[in-house]
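Inspection log for the structure reproduced underneath, given as structure tokens.
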Amino acid sequence: MEIDFNEYQLRCELHGHEDDVRGICVCGNDGIATSSRDRTVRFWSLDSSDKRKFACSKILLGHSSFVGPLVWISPNQEFPQGGIVSGGMDTLVLVWDLKTVEKVHTLQGHKLQVTGIALDDNGDIISSSVDCTLRRWRNGQSLETWEAHKAPIQAVIKLPSGDGEIVTGNAHISYLTCFRYYSSLRLWAVSGEVLMEMVGHTAIVYSVDSHSSGLIVSGSEDRFAKIWKDGVCVQSIEHPGCVWDAKFLENGDIVTACSDGTVRIWTTHQDTVADQLELDLYTSQLSQYKASRKRVGGLKLEELPGLDSLKIPGLLSMVLFSKIGEVVDGPEESSRPFHDGAQYDYVFDVDIGDGMPIRKLPYNRSEFMVVNDNLLTNKANCKMSPDNPYDVADKWLLKESLPLSFREQIVQFILQNTGQKDITFDASFRDPYTGYISAKPTFKHIPKKGMLVFEAAQFDGILKKINEFNNALLSDQILDAFSSCSSSSNKNLHLSYSTLILNYTVLLIELKDQEGQSQVLSAALEIVENENVEGDSKFRALVGIGSLMLEGLVKKIALDFDVLNFAKSAKGSKEAKIAEVGSDIELLTKQS
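1 is the number of the first residue of the sequence shown in full-length UniProt numbering; add one for each residue after it.
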């Protein structure tokens, strides 16, 4: 079916932002506001010398971290030239008067990043946040707060019904928006029926907008802004970076915000198309960008005999990380790739030969610091932390349903292939690609996730003996019966006992059994205190102690048992992993 459509061409580029442009707000007929990771909001007006172009006429400075959502306040008595409402990673909602370029109100109340802003029919400001709340503001004051979702709220919009209805959306429900948190768009009826699905993007869709002409535009991590008509993609506009936002102007032109720090306007009107020199320059820019994208050695596993073979003890160490395959580049000018909406230093392609799509193993090695809760990068003389490779390994194995026993090999692969040797982690860890401020420090060995299992054993005989044992003892006597293992001189018995304690730790944390946790904590402390217990056994007991403390139910009991001294003693161990878990526990004792 032939669709009547005029292709968009570049109209102009707006230069001025020093980092990713994250948000766009159309301000009447002749104005555009943009927000950026550079912490600024910029207002662009039609260039008086060339009506094809826009020039930056105002810069709004006030946010202490990157700025996201924007809303336009139409000219009124309070704002004769209009106003802007902006929300940022700094948790603030700021109201600006465009005539004076001053902040009129600083709205404080959200605990985490502000993700969406809307105005209702009364002029009240509605804001959404990662803290799972909505807030209503009037005249600089918070009127009410709603805990609207159990998950972070990603957006808030006002329905064009005239009834002042507000709609919110989070990452778990897609029907409130026109796009999914993957790579397709969906159009929904109010009844909840899917009217249309538009497939074409190859990465996450970040933005979508519609025009009265029936056109839809979407922006994606795949570096394309796509224009849709009647459910069909009629044009794909390539960018030299991730397209964070895309909006229609009233005349049908499209504004795009790109991770290369540039705002671009696209038009179908021939009288406003850029000069041929500018068009050629943009084509050259795209070519240079694609040529500069790094393709350095990474991970490719074509020789693996299949997923089942990974369960064979020792096989992983022989083949899983025997060769570095490809590190793929993402849609960021600085060549730091994106994966699932986050930006990393490395994204390894992993093909384990099971017929499934290539898996992605992302890792961030960049150093970051936090000053007054604001994220900065690559600064000297600061306390910094990269991603925790142990956390990365755990999450990746669980996500891909691979054996957790491969954790150490994955960690060593990450360290070797990202050029790291000695890594330390502290309580000031911050997520370097989303800006999320973690409520807890990142630890190297705790909490323990998943139980330790025997890869091979005479299971029938073991099960028979366990049943006999269970029938002979009450459940609360089982650990007491095993307690003599700690004083035994048998090293294998020590290791088995410490493994049992660690597995009980995982189970009782899941059950939130405080009494059981107390009993296991006491047993683990006895193991650590025993000078005859060797490294692996002591390490497992320490991981159990740390995991129980992190859970919180028995932390006070652990402190009463003077666990800090145990931690300091472990830190002095010549065995690296024991010293590391000792540091983890010491850090836990300092948390409130």
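Even glycine gets a Cβ: it sits at the ideal position worked out from N, Cα and C.
Collapsing the DSSP output to three states places residue 535 in a helix.
Scanning its chain for C-beta atoms nearer than 6 Å, with the 5 sequence neighbours on each side dropped, one finds around residue 268 the residues 6 and 8, in chain order. For the options 519, 69, 82 and 391, the alpha carbon positioned closest to that of residue 58 is the one of 82. In the assembly as shown, residue 538 is a buried residue. Its beta-carbon has 16 or more other beta-carbons within 10 Å. Going by DSSP, residue 31 is part of the beta strand (DSSP E) stretching over 31-36.
Around the beta carbon of residue 388, 16 or more other beta carbons lie within 10 angstroms, which makes this residue buried.
Collapsing the DSSP output to three states places residue 89 in coil. In this structure, the straight-line span from the alpha carbon of residue 80 to that of residue 99 is close to 7 Å.
The shortest CA-to-CA distance from residue 214 to any of 229, 581, 105 and 65 is the one to 229. Ranked by how close their Cα comes to the Cα of residue 526, the residues 513, 494, 511 and 514 have 494 in first place.
Residue environment analysis places residue 271 among the exposed positions, since fewer than 16 neighbouring C-beta atoms fall within 10 angstroms of its C-beta. Restricting attention to 37, 33, 513 and 38, the CA atom closest to the CA of residue 45 is found in 33. Restricting attention to 11, 144, 67 and 530, the CA atom closest to the CA of residue 497 is found in 530. Within a 10 Å sphere around the beta-carbon of residue 364 sit 16 or more other beta-carbons, which makes this residue buried.
Between residue 186 and residue 193, the C-beta gap is not smaller than 8 Å, which leaves the two residues out of contact.
Residue pairing by DSSP places residue 581 opposite no residue, since no beta bridge is assigned to it. Check the Cα spacing between residue 13 and each of 257, 244, 492 and 578: the tightest is with 257. If you check the CB distance, residue 206 and residue 253 do not come in under 8 Å. Annotation: residue 588 to residue 397 spans about 25 Å, alpha carbon to alpha carbon. Separation of residue 507 and residue 547 (C-alpha to C-alpha, rounded to the nearest whole angstrom) is 11 Å.
Per DSSP, the continuous beta strand (DSSP E) segment holding residue 248 begins and ends at 243-248.
Short of 6 Å from the beta carbon of residue 142, and not among the five residues preceding or following it, lie these beta carbons of its own chain, in chain order: 109 and 135.
For residue 365, the three-state secondary structure derived from DSSP is coil. When 413, 391 and 287 are compared, the shortest CA-CA separation from residue 348 is found for 413. In this structure, 40 is the residue among 40, 50 and 47 with its C-alpha nearest to the C-alpha of residue 64. Within the model, the alpha-carbon separation for residue 102 versus residue 115 is close to 22 Å. When DSSP reads this structure, residue 116 sits in a beta bridge with 128.
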